[in-house]
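Below is one structure, written out as structure tokens; comments come after it.
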Ligand code: PEP
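Structure, rendered in structure tokens:
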């Protein structure tokens with residue numbers, strides 16, 4: 027079975043509720059005919075608005091983070107059941123900005139990924155190397171370490187329910203996009219690591235993320251092991267995001 031292309035918009039800490047509504051209204055007519063999985067990841071405050079506006083359409087909604095516990099004394103956090111109650115369908119986990127600025131660890135991710143799956147939320151697990159690691163020839167080592175740790179508590183038969191986003195840190199928000207060779211090599215390596223641990227690796231959607239734009243999307247999305255894109259900056263403008271969906 028061919029893997030359905032998966033294009034996700036990571037808005038990060040952008041868009042008020044009113045701006046989110048405007049975006050969805052502009053996006054929906056532009057992607058009405060798509061057969062791809064189109065996912066929008068608003069900040070928590072705009073989740074409800076986006077969920078309601080996209081009802082009856084192909085657009086799915088993901089949160090940008092969650093806690094692994096269902097409830098408790100974790101001020102400022104949100105749990106998987108809280109997201110499910112809003113009809114949110116997926117959650118971004120391990121984005122490099124969370125790892126870098128908010129102390130997200132592989133230990134926490136090893137609990138978050140199974141917690142999301144147990145709640146029927148599709149995890150979009152982000153992995154990727156720093157520029158220093160790439161320069162030192164450690165890209166594969168970093169990716170393998172993150173995948174092994176973050177998926178340690180996921181059963182082999184459930185790994186294909188996880189979407190993996192390869193996001194080289196040096197390409198995120200920098201305008202410095204990975205070459206098609208770098209993106210293909212890393213995504214193929216990720217698939218190999220998943221296959222080696224016994225997962226149905228050919229069923230796993232692996233996305234590339236890092237300065238994807240309408241102008242470079244088609245080339246990246248045509249790569250054999252790149253099944254979609256996680257888009258930051260270019261996903262803030264409905265026309266640009268729709269153009270990326272169309273390029274897939
Ligand atoms: C991201 O936030 O996941 C991302 C890839 O950002 P950008 O497209 O802006 O590089």
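Numbering (my numbering), first residue to last: 27 to 274. A virtual CB, placed ideally from N, CA and C, is assigned to each residue, including glycine.
- Residue 149 has 117 as its beta-bridge partners, per DSSP.
- For residue 150, the Cβ stays outside the 7 Å cut-off from all heavy atoms of ligand 1.
- About 26 Å separates the beta carbons of residue 124 and residue 182, which is beyond the 8 Å limit, so they are not a contact pair.
- DSSP, reduced to helix, strand and coil, places residue 233 within a strand of the structure shown.
- Taking a cut-off of 8 Å on C-beta distances, the region 110 to 129 touches the region 62 to 81, as three or more cross pairs fall below it.
- Between residue 254 and residue 50, the C-beta gap is not smaller than 8 Å, which leaves the two residues out of contact.
- Distance from the Cα of residue 267 is smallest, within the candidate group 30, 157, 134 and 67, for 67.
- In this structure, ligand 1 has a non-hydrogen atom nearer than 7 Å to the beta-carbon of residue 257.
- In this structure, the beta-carbon distance from residue 143 to residue 202 does not fall below 8 Å.
- Around the Cβ of residue 94, a 10 Å sphere holds 16 or more other Cβ atoms; the residue is buried.
- Here the distance from the Cβ of residue 237 to the nearest heavy atom of ligand 1 is below 7 Å.
- Closer than 7 Å to some heavy atom of ligand 1: that does not describe the Cβ of residue 244.
- Leaving aside the five residues that flank residue 225 on each side, the residues in its chain whose CB is nearer than 7 Å to its CB run, in chain order, 182, 185 and 186.
- Within 7 Å of the C-beta of residue 38 there is at least one heavy atom belonging to ligand 1.
- Residue 40 carries a coil assignment under DSSP once its states are collapsed to helix, strand and coil.
- A Cβ-Cβ contact shorter than 8 Å links residue 240 with residue 273.
- A direct Cα-Cα distance of roughly 31 Å separates residue 101 from residue 194.
- Between the C-alpha atoms of residue 117 and residue 161 there is a straight-line separation of about 31 Å.
- By the neighbour-count definition (other C-beta atoms within 10 Å, threshold 16), residue 90 is a buried residue.
- Relative to the Cα of residue 210, the nearest Cα in the group 63, 46, 56 and 247 belongs to 247.
- The Cβ-Cβ distance between residue 136 and residue 176 falls below 8 Å.
- One Cα belongs to residue 264, the other to residue 52, and the distance between them is close to 6 Å.
- Per DSSP, the beta-bridge partners of residue 254 are 32 and 233.
- When rounded, the separation of the alpha-carbon atoms in residue 256 and residue 133 is 23 Å.
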